[in-house]
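Enquirer: Take this structure, written in C-alpha cells, and hold onto it; I'll ask about it next.
Number of protein chains: 2
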Amino acid sequence: MNIGQAAAATGVTAKRIRYYEQIGLIEPAGRTDAGYRHFGERDLHTLRFIQSARRLGFSMPKISNLLALWRDQNRSSADVKRLAKEHIAELELKIAELQSMVDTLRHLSHKCSGDARPDCPIIASFEGEPS
Amino acid sequence: MNIGQAAAATGVTAKRIRYYEQIGLIEPAGRTDAGYRHFGERDLHTLRFIQSARRLGFSMPKISNLLALWRDQNRSSADVKRLAKEHIAELELKIAELQSMVDTLRHLSHKCSGDARPDCPIIASFEGEPS
DNA sequence: GCTTGACCTTCCCATATTGGGAAGGTTTAG
DNA sequence: CTAAACCTTCCCAATATGGGAAGGTCAAGC
Chain Y
1 MNIGQAAAAT GVTAKRIRYY EQIGLIEPAG RTDAGYRHFG ERDLHTLRFI QSARRLGFSM
61 PKISNLLALW RDQNRSSADV KRLAKEHIAE LELKIAELQS MVDTLRHLSH KCSGDARPDC
121 PIIASFEGEP S
Chain D
132 MNIGQAAAAT GVTAKRIRYY EQIGLIEPAG RTDAGYRHFG ERDLHTLRFI QSARRLGFSM
192 PKISNLLALW RDQNRSSADV KRLAKEHIAE LELKIAELQS MVDTLRHLSH KCSGDARPDC
252 PIIASFEGEP S
C-alpha cells in the first residue's frame, strides 16, 4: 500500500505522513525499489492512533508519549491517565482564557448601541488603561 | 522616547513594535538622525490600543480593522459591534471544540482504572475506528 | 576625552503543523 | 507507447513572536 492509499485509509494526508516520519514521530516507512514508501496494517494502525489523539488536541510531543505507552506492554494505566489529566487541565486553562475574552467582549458589546453613531464602548475600552 | 521606553510604557515588547511596523499594522515611527525610532503620545496610544485588542484574542488582520475604525471619525458603532460579535462567535466555536475534547477525555479518563495494570480505555479508544 | 555598559539598528533563524507547488521519476490503464 | 495519476524531494507560506549576532549610538563615570 503506497502513501496515497494509506492516507485515504487513515484520514492522515500524505503530506502529514511524511512530516510525521521526518520528525521521528513514526518509524521511517519501508521503500520499494523505486523509492516509494509502502505501508502495512501495523503502519495504518499507528496512523489511526495518531489521528485519534490529534482529534483530542494532543500536541506532537504528547502524541509521541502516548505512542510510547501504547507500544509498552508494561505500561500502567495510571501513566496514561496522568497524561490525559494533564491534557485536560491544559485544555481547560485555554478554555478559561477564551471564555474570559468572550465575557469581556459580551459585556462591552452589550453596552454598545450598534447604530450609526460613532460612540462605542468597545473601541473606547481599547483606549483605556491597560487593565 | 525611544523603543525601549515605549515598550516599557505600553507592555508591547520592542520586538513586537518593530514587527507591527514591518507588517504595516502601525505607521513607521519617526527616526532620529542616528536612525533610532522615536515615539510620541499618539504612538503610545496606538500601541496600548493594539495591546488591549490583542488581550481579547483579536488577530492582526482584525486589529488592523479595529484600528481603522478607531481612526475613522465617521465610523458607526454598528460596524465595531459587528466585528466584536464575529470575534465572539469565533472564540465560542473554538471553546466548543476544546470543550468537546475535554468531555471525551473526561469520559474516557473516568473509565480508566489508573492503576498498575496496562489496560486502559483511553489508549484503547485511540486504536478504534476513527469516529 | 575615553571607556564601559546599556541601548539601538538590521538581519537571520527558530518555533508547530500543516498546505501548496515545482521539478522530476514511476506506475498503470488503455 | 502514451497519458494520467501517482510518487519523490525540496522550497516557500502561514501566525506572532523570541533569540541572538554584528555593529552603531548614547550616557554616565572617571
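Chains Y and D are the protein sequences, given in the same order. Note that the working numbering numbers the first sequence so that position 48 is 48, with each residue one more than the last. Note that the working numbering numbers the second sequence so that position 14 is 145, with each residue one more than the last. For each residue, glycine too, the CB sits at the ideal point set by N, CA and C.
Note down, in chain order, all residues in the region 99 to 116 of chain Y with a beta-carbon under 8 angstroms from any beta-carbon belonging to chain D.
Expert: Listed by position, the residues of the region 99 to 116 of chain Y near chain D (Cβ gap below 8 angstroms) are Q99, M101, V102, T104, L105, R106, L108, S109, C112, S113, G114, D115 and A116.
Enquirer: On the three-pair Cβ rule with 8 angstroms, is the region 66 to 79 of chain Y touching the region 172 to 191 of chain D?
Expert: With a cut-off of 8 angstroms, the region 172 to 191 of chain D and the region 66 to 79 of chain Y do not count as touching, because too few Cβ pairs lie within range.
Enquirer: Is it right to say Y:Y36 is buried, meaning 16 or more other beta carbons lie within 10 angstroms of its own, or is it exposed?
Expert: Counting from one through the first sequence, the residue named residue 36 of chain Y turns up at place 36. Label assigned to Y:Y36: exposed.
Enquirer: Between the C-alpha atoms of Y:R71 and D:E228, what's the straight-line distance to the nearest angstrom?
Expert: Position 71 of the first sequence, counting from 1, holds the residue named residue 71 of chain Y. Position 97 of the second sequence, counting from 1, holds the residue named residue 228 of chain D. Straight-line Cα distance between these residues: approximately 29 angstroms.
Enquirer: Is the Cβ-Cβ distance between Y:A14 and Y:I3 less than 8 angstroms?
Expert: Along the first sequence, one-based indexing puts residue 14 of chain Y at 14. Along the first sequence, one-based indexing puts residue 3 of chain Y at 3. Contact flag set, yes.
Enquirer: Taking 8 angstroms as the cut-off, does the region 71 to 80 of chain Y touch the region 19 to 34 of chain Y (at least 3 CB pairs, one atom from each stretch)?
Expert: In short, these stretches do not touch, since the Cβ pair count stays below three.
Enquirer: Under a Cβ-count criterion, where at least 16 other Cβ atoms within 10 Å of its own Cβ denotes burial, should D:L224 be classed as buried or exposed?
Expert: Position 93 of the second sequence, counted from the start, is the residue given in the question as residue 224 of chain D. D:L224 comes out exposed.
Enquirer: Could you work out which residue in Y:A29, Y:R16 and Y:S109 is closest to Y:M1 when comparing CA atoms only?
Expert: Indexing the first sequence from 1 puts residue 1 of chain Y at position 1. Cα-wise, what sits closest to Y:M1 is Y:A29.
Enquirer: Within 8 angstroms (strictly less), CB to CB, does Y:G4 reach chain D?
Expert: Position 4 of the first sequence, counting from 1, holds the residue named residue 4 of chain Y. Judged by the 8 angstroms Cβ criterion, Y:G4 is not in contact with chain D.
Enquirer: Out of Y:S109, Y:F49, Y:G11 and Y:A7, which has the shortest C-alpha to C-alpha gap to D:E217?
Expert: In the second sequence, residue 217 of chain D corresponds to position 86, counting from 1. Selected option, being the one with the closest Cα: Y:S109.
Enquirer: Can you list the residues of chain Y that D:D250 reaches, using a CB-CB cut of under 7 angstroms?
Expert: Looking up residue 250 of chain D in the second sequence gives position 119. Within 7 angstroms Cβ-Cβ: S77.
Enquirer: In whole angstroms, what is the alpha-carbon distance linking D:P249 and Y:H38?
Expert: For the purposes of this step, residue 249 of chain D is taken as the residue at position 118 of the second sequence. For the purposes of this step, residue 38 of chain Y is taken as the residue at position 38 of the first sequence. If you take the alpha carbons of D:P249 and Y:H38, they lie about 31 angstroms apart.
Enquirer: Grouping DSSP H, G and I as helix and E and B as strand, with all else coil, what is Y:D119?
Expert: By 1-based counting over the first sequence, the position of residue 119 of chain Y is 119. The answer is coil: DSSP assigns Y:D119 none of H, G, I, E or B.
Enquirer: Measure the beta-carbon distance from Y:K81 to D:I253 and round it to whole angstroms, keeping in mind my assumption that it falls under 8 angstroms.
Expert: Translated into positions along the first sequence, residue 81 of chain Y becomes position 81. Translated into positions along the second sequence, residue 253 of chain D becomes position 122. Sure, about 7 angstroms apart at Cβ, within 8 angstroms.
Enquirer: Any beta carbon of chain D sitting closer than 8 angstroms to that of Y:H87?
Expert: Walking along the first sequence from the start, residue 87 of chain Y turns up at place 87. Taking Cβ atoms only, chain D reaches closer than 8 angstroms to Y:H87, which makes this a yes.
Enquirer: Going along chain Y in order, which residues have a C-beta closer than 9 angstroms to the C-beta of D:I157?
Expert: Here the question's residue 157 of chain D lines up with position 26 in the second sequence. The premise fails here: D:I157 is roughly 14 angstroms from chain Y at the closest Cβ pair, so nothing lies under 9 angstroms.
Enquirer: Ordered along the chain, which non-local residues of its own chain (more than five positions away) have a Cβ less than 7 angstroms from that of Y:F58?
Expert: Locating residue 58 of chain Y in the first sequence gives position 58, where the first residue counts as 1. Excluding residues within five positions, the ones whose Cβ falls inside 7 angstroms are L66 and H87.
Enquirer: Quick one: is D:S256 near chain Y, going by C-beta distance under 8 angstroms?
Expert: Locating residue 256 of chain D in the second sequence gives position 125, counting from the first residue. It does; some Cβ of chain Y falls within 8 angstroms.
Enquirer: To the nearest angstrom, how far is it from the Cα of D:G137 to the Cα of D:A247?
Expert: Numbered from 1 along the second sequence, position 6 holds the residue referred to as residue 137 of chain D. Numbered from 1 along the second sequence, position 116 holds the residue referred to as residue 247 of chain D. A small correction: the amino acid at residue 137 of chain D is Ala; Gly does not occupy that position in the sequence shown. Distance between the alpha carbons of D:A137 and D:A247: 56 angstroms.
Enquirer: Alpha carbons only, please: which of Y:L91, Y:I95, Y:S125 and Y:E90 is nearest the one belonging to Y:H107?
Expert: Here residue 107 of chain Y refers to the residue found at position 107 when the first sequence is read from its first residue. The shortest C-alpha separation from Y:H107 is found at Y:S125.
Enquirer: If you draw a straight line from the C-alpha of Y:I23 to the C-alpha of Y:A8, how long is it?
Expert: Working through the first sequence from its first residue, we reach residue 23 of chain Y at position 23. Working through the first sequence from its first residue, we reach residue 8 of chain Y at position 8. Rounded to the nearest angstrom, the two C-alpha atoms are 21 angstroms apart.
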